[in-house]
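*Asks:*
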Amino acid sequence: MKFNISVPCLKSNLQRIRAFIIDVLREQHLSEVEVHSMVLAVDEVCANLMIHSNNCSPLHSIDVIIIIKGKDKIVFDIIDKGRGFDIRKYPEPDIKEIIRMKKKGGVGLMLVKRIMDDIDFITKEDYNIVRLTKNLQPTG
Amino acid sequence: MVQIEIIKENDITTLNIVGEVDASSSIQLDESLGSVVSNGDPIILIDCEGLNYISSAGLGVFMSYIEDVNTKNIKMALFGLNDKVKNVFDILGLDQLLTIVKTKEDALSRINEV
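Below is the structure:
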């Protein structure tokens, strides 16, 4: 099953993306904490792409496609046409250093890496895909 | 969208956060927390009972004031986080770096211990 949403690259649209993911995942019999952590991971990637790859331009859009692969896994494809940025190459920062430097950012992709089981970055001719995969725990 | 109310009772300042703190709304949390920290309010309680969502932008705000809170000897505690929100702090181990407790009473007794 495949679901998708497309929104302009405005941070105020992050809420729409989150609501869309919650709606889709509601049917999947997952725990609230599990759904919430996946919503968070996708939100972090979208915020990053909107801000750093698309300069928050409403003329650019970002697409989120959710692919439910049976009961085993969920794949999130996040597609944009901005400046490509391979998030897999992002070095994990030291939290204590961030605190010492009083930095306000830098832990978003760390969350994504800890929540998702697999992260892929695919560059096509005129768009990029960040593919996040979450393996589901078998229930009862 | 988030609404933040600052309530001052004697020496205790409470930030009541209601709504969602994401990349779009974290600026409001930054302004509110920044004002009470720079003010040097001695006790800051963060009421998270109405906080439905927090992303790294919100976590970043809390992290960026830890140094100032410590330097100014401010006692700060977060309380009332639901399981989903608490999990976000736990994923990064921030539960070890910030005082996070269940209720306002727990927050006050923890602050009085220190």
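Residue numbers (the numbering used here), protein chains in the order written: chain A, 1 to 140; chain B, 1001 to 1114.
Don't be surprised by glycine CBs; every beta carbon is placed ideally from N, CA and C.
Note that this is a predicted model, so its numbers are computed, not measured.
Below 6 Å CB to CB, which residues in the same chain sit around Leu1051(B) once its five sequence neighbours on both sides are set aside?
*Replies:* Closer than 6 Å at the Cβ level, and outside the excluded window around Leu1051(B), lie Ile1017, Val1085.
*Asks:* Given a threshold of 16 other Cβ atoms within 10 Å of its Cβ, counted over all protein chains shown, does Leu49(A) qualify as buried or as exposed?
*Replies:* Looking at its Cβ environment, which holds 16 or more other Cβ atoms inside 10 Å, Leu49(A) is buried.
*Asks:* Could you tell me whether any Cβ in chain B is nearer than 7 Å to the Cβ of Thr33(A)?
*Replies:* Sequence check: residue 33(A) is Val here, not Thr. Taking Cβ atoms only, chain B reaches closer than 7 Å to Val33(A), which makes this a yes.
*Asks:* Along chain A, in chain order, which residues have C-beta atoms closer than 9 Å to that of Met1076(B)?
*Replies:* The premise fails here: Met1076(B) is roughly 13 Å from chain A at the closest Cβ pair, so nothing lies under 9 Å.
*Asks:* Mind checking which residues open and close the alpha helix (DSSP H) that includes Met1063(B)?
*Replies:* Per DSSP, Met1063(B) belongs to the alpha helix (DSSP H) from 1056-1071.
*Asks:* Leu1092(B) touches chain A at which residues, Cβ-Cβ below 8 Å?
*Replies:* Result: Ile95, Val107, Met110, Leu111, Arg114.
*Asks:* I'd like the span of the alpha helix (DSSP H) that includes Gln1028(B), first residue to last.
*Replies:* Where Gln1028(B) is concerned, the enclosing alpha helix (DSSP H) stretches over 1026-1038.
*Asks:* Comparing the C-beta of Lys1102(B) with each C-beta of chain A, is any distance below 7 Å?
*Replies:* Output row for Lys1102(B): interface = no.
*Asks:* Can you find a C-beta in chain B that's less than 7 Å from the C-beta of Lys104(A)?
*Replies:* Interface residue, yes.
*Asks:* Using 8 Å for Cβ pairs, my map puts Leu14(A) next to Asp43(A). What's the rounded Cβ distance?
*Replies:* Correct: roughly 6 Å between the Cβ atoms.
*Asks:* Along chain B, which residues have their Cβ under 8 Å away from the Cβ of Lys11(A)?
*Replies:* Those are Asp1022, Ala1023, Ser1024, listed as they occur along chain B.
*Asks:* Roughly how many angstroms separate the alpha carbons of Ser1056(B) and Ser1024(B), rounded to a whole number?
*Replies:* Between Ser1056(B) and Ser1024(B), the C-alpha separation is close to 11 Å.
*Asks:* What residues of chain B sit near Gln28(A), judged by a beta carbon separation below 9 Å?
*Replies:* Those within 9 Å of Gln28(A) in chain B number zero; the least Cβ separation is about 16 Å.
*Asks:* Beta-carbon separation of Ile87(A) and Ala41(A) under 7 Å?
*Replies:* No.
*Asks:* Less than 7 Å between CB atoms is the rule here; does His36(A) satisfy it with respect to chain B?
*Replies:* So yes, His36(A) belongs to the interface.
*Asks:* Classify Ser57(A) as helix, strand or coil using the three-state DSSP reduction.
*Replies:* Residue state, collapsed to three classes: coil.
*Asks:* Please list the residues of the region 46-58 of chain A that have a C-beta atom closer than 8 Å to any C-beta atom in chain B, keeping them in chain order.
*Replies:* Of all residues in the region 46-58 of chain A, Ala47, Met50, Ile51 have a Cβ within less than 8 Å of some Cβ in chain B.
*Asks:* Assuming Ile95(A) contacts Leu1092(B) under a Cβ cut-off of 8 Å, what Cβ separation, rounded to an integer in Å, is found between them?
*Replies:* Contact holds; Cβ gap of about 6 Å.
*Asks:* When the cut-off is 7 Å and only beta carbons count, does Lys1072(B) lie next to chain A?
*Replies:* No, Lys1072(B) does not count as interfacial toward chain A.
*Asks:* Considering only the alpha carbon of each residue, which of Gly1080(B), Arg1110(B), Ile1027(B), Glu1113(B) lies closest to Lys1102(B)?
*Replies:* Among Gly1080(B), Arg1110(B), Ile1027(B), Glu1113(B), the Cα nearest to that of Lys1102(B) is on Gly1080(B).
*Asks:* DSSP on Leu10(A), reduced to helix/strand/coil?
*Replies:* Coil at Leu10(A), not helix or strand.
*Asks:* Spell out whether any CB of chain D is found under 7 Å from the CB atom of Lys1084(B).
*Replies:* Among the protein chains of the structure shown, namely A and B, there is no chain D.
*Asks:* Which of the residues in the region 56-83 of chain A, read from start to end, lie with their CB under 9 Å from any CB of chain B?
*Replies:* Within the region 56-83 of chain A, no residue has a Cβ that lies closer than 9 Å to any Cβ of chain B.
*Asks:* Closest to Asp137(A) by C-alpha separation, out of Phe85(A), Ile78(A), Lys73(A), would be which residue?
*Replies:* Note that residue 137(A) is Gln in the sequence shown, not Asp. Residue Lys73(A) is the option with its Cα nearest to Gln137(A).
*Asks:* When you compare the CB of Gly1019(B) with every CB in chain A, is at least one pair closer than 7 Å?
*Replies:* False, the Cβ-Cβ gap to chain A never drops below 7 Å.
*Asks:* Evaluate Ile78(A) with the Cβ neighbour count: other Cβ atoms within 10 Å of its Cβ, from every protein chain shown; 16 or more gives buried, anything less gives exposed.
*Replies:* Ile78(A) is buried by the Cβ-count criterion.
*Asks:* Quick one, which residues of the region 1047-1059 of chain B are near chain A if we go by CB-CB under 9 Å, in chain order?
*Replies:* Hits within the stretch, in order: Tyr1053, Ile1054, Ser1055, Ser1056, Ala1057, Leu1059.
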